[in-house]
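The block underneath contains the structure these notes are about, expressed in structure tokens.
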Ligand code: PMP
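Structure (structure tokens):
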């Protein structure tokens, strides 16, 4: 049988991202065969609603003909163009201009990458160069947040604060520091908005002092909503407060919008939710909606101009073969049209419906917390609501819940700590959102009945 031979070939040859290699060999791959809209079909013909949009990236949904046409035409016309040697291509130039027009404030300069990790990596390089160029090379310390995710490149994994990305890899480096997360559900200061903001502001200031003062700190990184850490939504005003501290201390503020960008939380960029303008912003995922790889770093005008003046006639030695790839850029332009042709609006409506639906499950015995914004949400499962007791890790709750949801026709992200993540395509219909909620309820009921996870 085809799928059996694929399972064997996968086991023997394909190394999977972020997996237990031995666990995966044992379990075998689940092959996805096709997808349309918000529905994915596996190799056995089983259909599911993709409640996680692939890896929170297929924001426009699968099988959009305008994107297929844009990519095909671009491949036919000009399959590749380098940006080296002063060359460029029309779609890359147009996409940079369209994005700059829509990005917050003076984030007017766009550097295209292949995804989010190399976008984060690029910011570290740009920021170092910037601090050198303005005569402050000693500003070389970087601060990010516990539970944060900033990619899986060596430098980015050091900014990331999830243990699996550090263990055995020799990161973080000694210039990479962390402050505690705002994680409202389990914050030692409680869930009060003002207390959480005050604690984060104090933690950032204390960390800055601890590493030698503001004259040593280059940048602070945060996600407007922490994604891979379990969809941790900061209280209103938190992002703005942290941005202000950075301005006060002359520390660059980097918003990592790889997940939150492109309509995930409602507006095109989540920074707009609090009306802030980061000094640098990273994006990927929804930029091309996963049809082809691409990421983008947005540089504010003062950062760009300082780097340009600092370099003078010399080349700024940062670039990839596939920077500003014309096919990816053509896809990006087609994706942007879909967002503005109704998908952002639909995403906002469906996001409100999703949040209301998940909220309706709050009384379920396994539901400790429900959180999210727009089409980005999570349920945190507990076995005791009072004590907020996590599901027993030994029972592999994530795998069990993922498997059950799958059988129930729903793909979700089941984090190891018992958090269920949701990031459906923005094209979802009301019926699909309602089905996501119903299938979640069924999955929770089945999990509750499973003696292993109590
Ligand atoms: N930053 C954030 C906030 C992310 O969520 C991710 C990916 N989930 C990345 C960076 C890395 O992006 P990629 O996987 O495209 O390299």
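Residue numbers (the numbering used here): 1430 to 1883.
Built from N, CA and C at the ideal position, the CB exists for glycine as well.
#1: Please report the residue range of the alpha helix (DSSP H) in which residue 1413 lies.
#2: Which value, in whole angstroms, describes the spacing of the CA atoms of residue 1690 and residue 1711?
#3: Does the beta-carbon of residue 1579, which I'm using as the reference point, lie nearer than 7 angstroms to any heavy atom of the ligand PMP?
#4: State yes or no: is the C-beta of residue 1783 within less than 8 angstroms of the C-beta of residue 1804?
#5: Taking 7 angstroms as the cut-off, does the CB of residue 1840 come closer than this to any heavy atom belonging to the ligand PMP?
#6: Measuring CA to CA, which of 1574, 1573 and 1559 is closest to residue 1567?
#7: In this structure, how does DSSP classify residue 1698 when only helix, strand and coil are distinguished?
#8: On the criterion of 16 or more Cβ atoms from any shown chain inside 10 Å, does residue 1533 qualify as buried, or is it exposed?
#9: Taking contact to mean 3 or more Cβ pairs, one atom from each stretch, closer than 8 angstroms, check whether the region 1721-1732 and the region 1541-1553 are in contact.
#10: Identify every run of the beta strand (DSSP E) within the region 1794-1881, keeping only runs that are complete inside it and at least 3 residues long; order them along the chain.
#11: Which of helix, strand or coil does DSSP assign to residue 1737?
#12: Across which residues does DSSP place residue 1650 in a beta bridge pair?
#13: Just verifying my parser: in three-state terms, what is the DSSP assignment at residue 1442?
#14: Beta carbon of residue 1481, beta carbon of residue 1780: below 8 angstroms?
#15: Taking 7 angstroms as the cut-off, is the CB of residue 1610 close to at least one heavy atom of the ligand PMP?
#16: Could you spell out where the alpha helix (DSSP H) holding residue 1453 opens and where it closes?
#17: If you draw a straight line from the C-alpha of residue 1453 to the C-alpha of residue 1441, how long is it?
#18: On the three-state DSSP scale, how would you describe residue 1479?
#19: Taking the alpha carbon of residue 1552 as the reference point, which residue from 1443, 1498, 1647 and 1461 has its own alpha carbon closest?
#20: Find out if the Cβ-Cβ distance for the pair residue 1855, residue 1776 is shorter than 8 angstroms.
#21: Which one or two residues does DSSP pair with residue 1471 in a beta bridge?
#22: Can you round the beta-carbon distance between residue 1524 and residue 1758 to whole angstroms, since I take them to be within the 8 angstroms contact cut?
#23: Would residue 1695 and residue 1488 be called neighbours here (beta carbons separated by less than 8 angstroms)?
#24: Compute the Euclidean distance between the alpha carbons of residue 1832 and residue 1615, then round it to the nearest angstrom.
#25: Indicate, with yes or no, if the ligand PMP has a heavy atom lying under 7 angstroms from the CB of residue 1497.
#26: Comparing C-alpha positions only, which one of 1447, 1491 and 1463 sits nearest to residue 1844?
#27: Is residue 1685 a contact residue of the ligand PMP, with contact defined as CB to any heavy atom under 7 angstroms?
#28: Is it a yes or a no for the region 1577-1587 touching the region 1597-1611, going by three-plus beta-carbon pairs under 8 angstroms?
#29: In whole angstroms, give me the CA-to-CA distance for residue 1513 and residue 1742.
#30: From the DSSP output, read off the bridge partner residues of residue 1709.
#31: What does the alpha-carbon distance come out to for the pair residue 1755 and residue 1507?
#32: For a test of the three-state rule: what should DSSP assign to residue 1572, helix, strand or coil?
#33: Spell out the partners DSSP gives residue 1541 in its beta bridges.
#34: Just to confirm the assignment, what range does the beta strand (DSSP E) spanning residue 1688 have?
#35: Just checking, does the region 1491-1499 make contact with the region 1695-1709 on the three C-beta pairs under 8 angstroms criterion?
#36: Which residues does DSSP list as the beta-bridge partners of residue 1661?
According to the data block:
#1: With the chain running from 1430 to 1883 in the structure shown, residue 1413 is simply not present.
#2: In a straight line, the C-alpha of residue 1690 is about 9 angstroms away from that of residue 1711.
#3: yes
#4: yes
#5: For the ligand PMP, not one heavy atom lies less than 7 angstroms from the Cβ of residue 1840.
#6: 1559
#7: Three-state DSSP puts residue 1698 in coil, outside helix and strand.
#8: In this structure residue 1533 is buried. Its beta-carbon is surrounded by 16 or more other beta-carbon atoms within 10 angstroms.
#9: yes
#10: 1796-1802, 1805-1813 and 1848-1851
#11: helix
#12: 1683
#13: helix
#14: no
#15: no
#16: 1450-1456
#17: 11 angstroms
#18: strand
#19: 1647
#20: yes
#21: 1461
#22: 4 angstroms
#23: Contact flag unset, no.
#24: 27 angstroms
#25: The nearest non-hydrogen atom of the ligand PMP is 7 angstroms or more from the C-beta of residue 1497.
#26: 1447
#27: yes
#28: yes
#29: 15 angstroms
#30: DSSP, once it has assigned bridges, lists 1683 and 1728 as partnering residue 1709.
#31: 7 angstroms
#32: strand
#33: 1725
#34: That residue, residue 1688, is in no beta strand (DSSP E); it is neither H nor E in DSSP.
#35: no
#36: 1655
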